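To keep things clear, I will list the structure first and then write my remarks on it.
In this note's numbering, the protein residues as written are 11 to 196.
Here's what the structure looks like:
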């Protein structure tokens, strides 16, 4: 109306232009490149719906434990619901975990693989998975659970995959598709 007032409601607890640099200033990034990649990851989450497939694997690594890897992932994901998936050397248990979580919470947009180690991949010396590669390359995802009576899920790949590790030994295929963020606390 002419002369009316537009009320936008109370200010929400979202990231603003002052809190983002303050947060990034206290994180122990190894370089400006890692800091820039953290901002790129932060922007990827809200725009994930625009790019089915083709998003990078957000790789957060550190020189030691308790470096802030999980804190950084929480910052990047913001309010977007996430699935916590335990990394395993075979793909079907990870598929089953995600399938069950998506049935319970279909609005999940971030897949988080926390504290991944090379020893969690059996005898392998590197972290690799066709399941993870599919999530950073394929435009559509089909998930089924061999132990579940639920039907397979078919959906556009609007997920952002985040993996954190202290070891960081990824296969060349995953490493080539990653957005690396390195933390080096002293």
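Backbone N, C-alpha and C fix where the C-beta goes; we use that ideal spot for every residue, glycine too.
If you're wondering where the values come from, they're calculated on a predicted model, not measured in any experiment.
Residue i burial status per 10 Å Cβ neighbour count (16 or more: buried)
i: residue 139; result: buried
i: residue 57; result: exposed
i: residue 11; result: Unreliable placement is indicated for residue 11, whose pLDDT of 43 sits below 50; the coordinate value is still reported in the next sentence. Looking at its Cβ environment, which holds fewer than 16 other Cβ atoms inside 10 Å, residue 11 is exposed.
i: residue 135; result: exposed
i: residue 109; result: buried
i: residue 189; result: buried
i: residue 196; result: exposed
i: residue 186; result: exposed
Residue i - partner residues in DSSP beta bridges
i: residue 174; result: 70
i: residue 164; result: 152
i: residue 98; result: For residue 98, which the question treats as bridged, DSSP gives no partner whatsoever.
i: residue 188; result: 67
i: residue 180; result: 137
i: residue 121; result: 93, 171
Simplified DSSP assignment, three categories, for residue i
i: residue 195; result: coil
i: residue 146; result: helix
i: residue 79; result: helix
i: residue 137; result: strand
i: residue 92; result: strand
i: residue 126; result: coil
i: residue 27; result: coil
i: residue 39; result: strand
i: residue 86; result: helix
i: residue 33; result: helix
Proximity test, Cβ basis, 8 Å: residue i and chain B
i: residue 127; result: No chain B is part of this structure, which consists of one protein chain only.
Stretch pair the region 163-177 + the region 144-155: three plus CB contacts closer than 8 Å: Contact between the region 163-177 and the region 144-155 is present: 3 or more CB-CB pairs across the two stretches fall below 8 Å.
Meets three-Cβ-pair contact criterion under 8 Å: the region 96-114 and the region 63-79: Counting C-beta pairs closer than 8 Å gives fewer than three between the region 96-114 and the region 63-79, which falls short of the contact rule.
At least 3 beta-carbon pairs within less than 8 Å: the region 177-190 vs the region 28-41: No, because fewer than three Cβ pairs between the region 177-190 and the region 28-41 fall closer than 8 Å, the two stretches do not touch.
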